[in-house]
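Student:
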Amino acid sequence: MHSGLPNGEHALIVHQAGDLSNSCANVGPIMAPDKKFNVSAIFGNIKVDGTKNATIDREIDWPKDISLIGRSLVIHKLSVMEWSLRNKDILPLACGTIGFASP
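Residue numbers (UniProt numbering): 1 to 103.
1) Are C24 and P92 touching if we call contact CB-CB under 7 Å?
2) When DSSP builds the beta bridges, which residues end up paired with K47?
3) Can you have a look at F100 and say buried or exposed, based on whether 16 or more other CB atoms are within 10 angstroms of its CB?
4) Measure from the alpha carbon of A11 to the alpha carbon of each residue in N26, I98, N45, E59, then state which is nearest.
5) For a test of the three-state rule: what should DSSP assign to V27, helix, strand or coil?
6) Identify which residue in S72, K77, E9, I90 has its Cα closest to the Cα of M31.
7) Would you kindly work out how many angstroms separate the C-alpha atoms of L85 and I56, rounded to a whole number?
Right, here's the structure in full:
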């Protein structure tokens, strides 16, 4: 996980592009999976407590037919609720490109 996150809840969201340049500003919009699948690229909140321990509030059951490889996983400054109601131009706290390694 990421260390040094501020206390509170932070949205964990998959974005369309894996371009991490410009301080994560180029990750694009939220990934929009095919409508035939009942899934969301908004994975919930990472909760950070006063001891800097981070937990995720849900497990993710992602369909095998939708690849996440090459997308970005973004930790936002705001919670899911706050993020959905506010300006999306606030830069994220952290981001990374989803990939895989050979066994």
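All residues carry an ideal CB built from backbone N, CA and C; glycine is no exception.
Tutor: Result, derived from the coordinates:
1) Yes, Cβ-Cβ distance for C24 and P92 is below 7 Å.
2) E9, T55
3) exposed
4) N45
5) coil
6) S72
7) 21 Å
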